[in-house]
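Protein chains in written order, with the numbering used here: chain F, -19 to 648; chain C, 58 to 399; chain L, 26 to 184; chain D, 4 to 292. No residue lacks a Cβ here, since even glycine has one placed at the ideal position from N, Cα and C. Note that the structure is predicted; figures quoted are calculated from it, not measured. Report on the structure given below.
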C-alpha cells in the first residue's frame, strides 16, 4: 500500500512495558517479535516507559535514522498519551497524524486475568494498528481563536476563588449564582476547622472583592439555560430570575424589610436552614453580595392577592428615595460568549429524614449539622447562643457521625468533612454551653494539616467519643434520668455493650452528596458523572479539574466531597487550566472532521438533515453537498450515512476502521 | 484495420440482456464495422467446440450476461476467459448476481423440492430430480450440476469491465462499446456507467428540501394513492435507492414513477450495496424512539433483504464470507504481506 | 480439542463506552478477553458495513457501544446509530443469523461495571451460539451435502 | 383485581376476630377475595428453625397454587406474610434453594416461576390499592378522639424493602388517621412483642410485653392497634400476668386494625369479633358511640 507520495509505509512499532503495568501481564518480547513479522513493519522495539523522554527519543531517532514514516505505540489509552506521542512523531520530523496508539493497558493488561490471553489480545490490537496505519495520511490541524472570557457557574468558595484568580489575571469573568447572594455553604458557617478562624471573616472580603472587581460580572439569582458551541467559543444562555428589586437602585438598607406589612418575620429563612425566620421581602444575610433585597412571590401578599398596601415600595420610594422595588419585574434571558467554563456548583447535604430511626423531623431537638452551623453562628438567628427550640440550654449533646455516609443503604462514600466539622461543633458547643458532648463515630478520619492535632485537642477538652453506629434516637425513656430527653441507643463497640445515652440535643452529621440536579446540569454542559453522581474528572490524578468536554472544568465539591482548603486549591487549579487555555489564544482542533469529495457526491441530500450542527448545506450550482469545516465537530454521522462514499472522516476513514477490524480478527 | 473478434454468452439470466444487445438497433450495425461476432449462441450457430478450437486470447472481448449456478456455466466462462483478452460482465446478473442471486436466500434443497415435488403445479407421483450421475450413465450425456449457490461472474473468473443494468439500457451499451474500442480503454475493473449516484442525474433531485430529508413513514408504491411525478420519490416516502445506486440510466424508472431498485449496483468504494442502502434509508428515519422506528420499519420495509439486495445478494459481504479468503475476491484493504528490509 | 472462544468486535464511541472500557482498566475489572475494541468518535459514525465486515472477517459477535440516549457528545448521533441498528438486526435475521450476535448497549463513561457485565454476558451468549461460520445454512461449506434445514430467509417468521 | 386470601393457622384459631373483621372490611369495601384453594401451613417461623428446606417447600406449595391462578395473595398473619415473601426472595436469589424446592414441587405436580404473584399484607392492599382517600370517603362513624397506639411488630417489615419502612413504618398511622383516630407517634413500632419467647423464656417475653404496654399507657393510649395475630395475642393474653409481675395496672385493649376500620366503615360489632378479646375492647367504641 503506497503512501500519499508513493512511498511505502515504513512502520515503527513501540511496545511499552509501563513498568509492570503491561509487562507484568503481557509477554512484551513475544509481542515485539510478532510485530516484526507484520507487513511493512521496519522496526519493533520495547521499552520500559515509552512516555518517558528516552522512550520518545526512540521514536524520533528511528524516524530520522530508519526513515520510519508510520509510528505505532502500544501502551495506554489514547485519552492519556496520544498527544504525547503525536508530539514525539512531529518532533522526529513526521506528520503527527501518521501515528496511532494501540491501547494494551486499559483494554488488555489491566482487565485480563490470563497472561497468555492478554498477550494474544495485545498482538491482535497491534496487528490492527499496523493494518490501520497504512491508511493514515498527513493532516493539518486547524487552529481556532479562543474567546478569553470565562463563565463560572456557582458562587460558593470554589467559584469565588476561581473568579478572583481569573479576574486578577485580567480575564473577563461571568459568575452565575443561583441564589440571591454568593457565598454558598461557607457563608453559613461560623468557624472553620481546624484553625477555628471565623468563616465570614475570611470569606466576606472575597465576596466583596468579587462585587468590586471590574473584570467580574456577577449574575445572581440566575441559572444557566442553554450551552452551545465548543471549547474556545461557547454561547451560554442564562436565565435571571426576577427578584422584584432593581439591583442597581437597591442599597441594602433594610428599610423595605422593616416596613413590610408583616411586622415580624414569619417564614423559614432558607439561609438560616429554617432555624430563623424571614419576611416575604428579605436580605438573606447581612453580608450578602450583592446586598440587595429580594421578594419571595410565594409568600408576598401582593403576589398572592394583589391587595397589599405595598408599604415596602412606599418606604423605598419615600424614605430612601430609591424606588427600587418593581413588582412587575420579569425574568430576563442573557446571552454570553465565553471561551471556557468552570463548574463550581457544589453539593447538597444528605436529607436526614431518610433515616427515620434518627428522628429528624419528628423530634424537634434533632438537628442537622448545617442547622447547628446557623445556631452557633454569631450572626445567626440566636446570635450564636446555642439553645433548644424551646429556648432551654442543652446540658448534653450527642453528635452522630456518618449520617447517610459510609452506609450501603444510602451513600457508600465517606463525605470527608464530617469528622472534622463534628469536632468543630463539639468544641463550639462545649465551649459555649459547657454541655457534655458525645461523639458517636464509626472511625475517626482526620487526615489533613493540623487535623489530627485538633482531634487530640478535643480529646483533652473532655468531649466523649463513643465508637459505634447509632441504632436509633428515641423518646422511649425507661428511667427518670431519661425522662423528657432523647435517648441515643448505640452499641459501644469498644466495650461491646449496648448503651443508652440520654441527651437534650442531637446533631446529625449529614454527609455530602451530589446536588439533586447534577444530572441535569451535566447534560447541559455535556460532561459525565461518576456512578455516584459527582462530576467526572478527566483523570482522577492527572487531570482532576478537566472534563472530557474540552473547555469545561470543574472545581470544588461538585466533583466529590472536599473541605474548604481542598476546594480552594482545586478552584485555583481550574483557574490555572483556564488560563493556560485562553492565554494561548487559540486551540488546535483535532482534524477528525468530515470531508466531502465533490467529484463523488451526487447531491442526494441524505447527509444534510443528519448533521447536528447544521454544518452541511447544499450547493445548488455544483449540485453537491458541502461541509462548513468550522462547524463540523467530527462525529462522522454523515459519513456513516453517505450512500456514495463521497464523505470521509479524517482519522476515521472507512478504510482505517475496516482495516483495524480486519487486523483485530487476524490473530487466531 | 482488422475487425476485433467479439463474443456474447448467456448464463443464468432472463434473456433481457440479449434483448439489450438487439436494442442497439442501427447502432449494432454501425458497431459491426469495427467488430466481428464470433460467438453468440442465442443468435448464431456457434458451438462450444468452435470456441475450444480458437487460440487463447483470440477473442478481443466477450460479453457475458447472467449469473453462474450450473457447472456448465462455470465451464464455459472459464473457457471464454481463456480465449478472451477482455471479459465484460454484462448486466446486473453477471455484475452482482442479479435477480437469480436472490435464490441464495433459500437453500438448494428447498428450491429442488419446490420445483420437483411440492410446488402447486407439480405432479408428485414418481417425479424425480435431475441427477447428473444418472443421466450420464443411462443416456450418455452430461446434465450440468445445480450448484448450491448463485455467483456473480467475478466470483468465478476474473472480470475486466462491468456493464451494469437490468437490463443495460442501449445508451450505456453503446457508450461502453465505444470506451472499450477506444485507444485508451478505461482501467480494468471499471463499471462502465456514471461515477455518480442516480440522484445526480435525476430531474427530481432539485425538488428535495434544502434542509435535507426526514421520513416519518415509508411506503411501498402500491400503498401510495397517487405518486406525485414532480416530487422526489424518496421525499414522498417511497424507498427509492437512487442515492446509493450508480447512475447512467437517465433515471428511467423514476420517470416512470417507480422508485429506483438499484440494478446499476453500488458506487466505487462501496463494499456492500445492501449495507450502504440500509444505512442511508435508516439514517433518514425521523424518529429517536425505538418503538416508533420499529413501527416505521414494520410498515414500510417488511423485507429488508429483498429491498436492499434485490440485485446483489451474492456480492454481499455475508455471502462473500462463504466464498472465503482463497476465493476470487481478495479484500482491497488487505495490506501487503511482504516484508520490508530495515 | 480447544474449546470455542468467540471473537467480539466492539465498536465503541470515544466519549462514553470507550471511556468505560478505560475505566474498567483503571479499576482493574477482569472481563472476558474476547472483546477487541475499535474506537470511533460517535456511535453514529458506525456504518452497517463495518458490522458486516467484522462478521465477514471472522467475528462471532459485534458489540456497539454508545452514550445513553440524551447523553450523546454530538447531541443525537447515538440515535442515528440506533436507527441503523434496528434495521440491520432485521436484515441479519433474514440472513438466518441469530440476532443476538449483534448487540447495542448504551454504556456511559462511568459504567465500567456495566461494560464488564455486558462483555462477560455477551461472550457467554456467543459461546452458546457457537462459531458464526456454522450459523446460517447459507454459510455452510459450499458444496458439501447438508441436510435440509429450514431457513427463514425472505420469509416472515410466522409463515 | 381479585385476590386470594391465605388465612394460615392463626386466623382460623387465636386470630379468629382478625379473620372476621378482615372479611367484613373487605366485603364492605367491595374488594373481591377468595380463599386460596387447598392451602397448607406456611412453613411458619418455628418450623423454619428446625428444617428450613422443608419449611420453604411447604411455603412454596402455596405460592405455586396461587401462581397457577395468577393472583396476588393476601396474607394477614405477619408470620405467613414474612415466610411466604422470604420463600420468594430465597428462590429468586439462591439457585440451589430454588432447585431443591422446584424438585419438591415437581413431586406434587406443581411448578413455580416467580414474580407472577405478589404476597400482600391487607394493610398494603388497603393503603396502596384501595387508597387512604377512598377509605376516608367510606368512613361512616368517625373514631374521633380515640387515641391509638399503632404497633406493627417485626415481621410485616421483613424481608426489608417491602411496602413500608423497615423500622419506622407509617401506613397504619395514615390509615388510622383517616378513620379519625388520634394516632400516637412513638419509636417502638417494630420493637419485639415477645414473640414465642413468652412461651419459652418467660421472663424475657414478659418484659418485652411490658415495655410495649407501659409505653402505650405512658403516652395516653386508649388502645393498641396491631396487624399480627401473635402480637395481638401476646399483648392481650399476657397483660394480666404482666400487671402482676410489675405490679402495675395497665388495662389497654389490643385490637386488630381491621376492627377499628370495620367499626369506622359501619360494621356491626358482632361482625368484628369485638367480644373475642381478653382485655375488653368495647369501651373504646363507647367513647365515640
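| Check | Outcome |
| --- | --- |
| Chain-ordered neighbours of residue 351 (chain C) on chain L, where CB pairs are closer than 8 angstroms | 111 |
| Distance, residue 517 (chain F) Cα to residue 523 (chain F) Cα | 7 angstroms |
| Rounded C-alpha distance that separates residue 95 (chain C) from residue 108 (chain C) | 9 angstroms |
| Contact belief for residue 8 (chain F) with residue -5 (chain F) at Cβ below 8 angstroms, rounded distance in angstroms | 5 angstroms |
| Proximity test, Cβ basis, 8 angstroms: residue 131 (chain L) and chain F | no |
| Where residue 212 (chain C) falls, given that 16 or more other Cβ within 10 Å makes a residue buried | buried |
| Short-range partners of chain L found in the region 356 to 380 of chain C, where Cβ spacing is below 9 angstroms | 358, 359, 360, 361, 362, 363, 365, 366, 373, 374, 375, 376, 377, 378, 379 and 380 |
| Counted within 10 angstroms of its Cβ, other Cβ atoms place residue 14 (chain D) as buried (16 or more) or exposed | buried |
| Residues of the region 162 to 178 of chain D with Cβ closer than 8 angstroms to any Cβ of chain F, in chain order | 168, 170 and 171 |
| Span of the alpha helix (DSSP H) around residue 293 (chain C) | Premise fails: residue 293 (chain C) is in no alpha helix (DSSP H) and is neither H nor E. |
| Residue interval of the alpha helix (DSSP H) (run including residue 78 (chain L)) | 73 to 81 |
| Span separating the alpha-carbon of residue 17 (chain D) from that of residue 240 (chain D) | 10 angstroms |
| Nearest to residue 262 (chain C) (by Cα), restricted to the options F:214, F:600, F:497 and F:350 | F:600 |
| Inter-stretch contact (C-beta, 8 angstroms, three-pair minimum) for the region 571 to 583 of chain F and the region 153 to 165 of chain F | no |
| Contacting residues, own chain, Cβ-Cβ under 6 angstroms from residue 391 (chain C) (five flanking each side not counted) | The predicted model places residue 391 (chain C) with a pLDDT of 39, which falls under 50 and marks its position as unreliable, so this point remains unresolved. |
| Which listed residue (C:264, C:98 and C:298) has its alpha carbon closest to that of residue 65 (chain C) | C:98 |
| Within chain B, partners of residue 143 (chain L) - CB distance below 8 angstroms | The chain inventory of the structure shown lacks chain B, comprising the protein chains F, C, L and D. |
| For residue 556 (chain F), the three-state DSSP class (helix, strand or coil) | helix |
| Residue ranges of each alpha helix (DSSP H) within the region 79 to 122 of chain D, 4 or longer | 81 to 96 and 98 to 110 |
| Range of the contiguous beta strand (DSSP E) that encloses residue 280 (chain C) | First-last for residue 280 (chain C): undefined, no H or E at that position. |
| Anticipated Cβ contact below 8 angstroms, residue 378 (chain C) with residue 80 (chain L), distance rounded | 7 angstroms |
| Meets three-Cβ-pair contact criterion under 8 angstroms: the region 484 to 492 of chain F and the region 324 to 341 of chain F | yes |
| Per-residue DSSP class, three states only, for residue 597 (chain F) | strand |
| Interface partners of residue 115 (chain L) on chain C, CB under 7 angstroms | 354 and 361 |
| Cβ neighbour criterion (16 or more within 10 Å) applied to residue 679 (chain F) | With chain F covering -19 to 648 only, the question about residue 679 (chain F) has no answer from this structure. |
| Partners in chain L for residue 329 (chain C), counting only beta-carbon separations shorter than 7 angstroms | 74 and 77 |
| Residue 281 (chain D) versus residue 33 (chain D) - alpha carbon distance | 30 angstroms |
| Length of the line joining the Cα atoms of residue 127 (chain C) and residue 207 (chain C) | 9 angstroms |
| Where the region 225 to 246 of chain C meets chain F: residues whose CB sits under 7 angstroms from a CB there | none |
| Residue 63 (chain F) - containing beta strand (DSSP E), residue span | Where residue 63 (chain F) is concerned, there is no enclosing beta strand (DSSP E), although the alpha helix (DSSP H) it sits in stretches over 58 to 72. |
| Best match in C:288, C:72 and C:74 for proximity to residue 316 (chain C) [C-alpha to C-alpha] | C:288 |
| Residue 129 (chain F) to residue 319 (chain F) span [Cα, whole Å] | 6 angstroms |
| Within the region 102 to 163 of chain F, ranges of the alpha helix (DSSP H) (whole runs, at least 4 residues) | 137 to 148 |
| Residue 234 (chain D), DSSP secondary structure in three states | helix |
| Of the residues F:487, F:561 and F:510, the one placed nearest residue 344 (chain F), counting alpha carbons only | F:487 |
| Supposed contact pair residue 321 (chain F) and residue 131 (chain F) - C-beta distance, whole angstroms, cut 8 angstroms | 5 angstroms |
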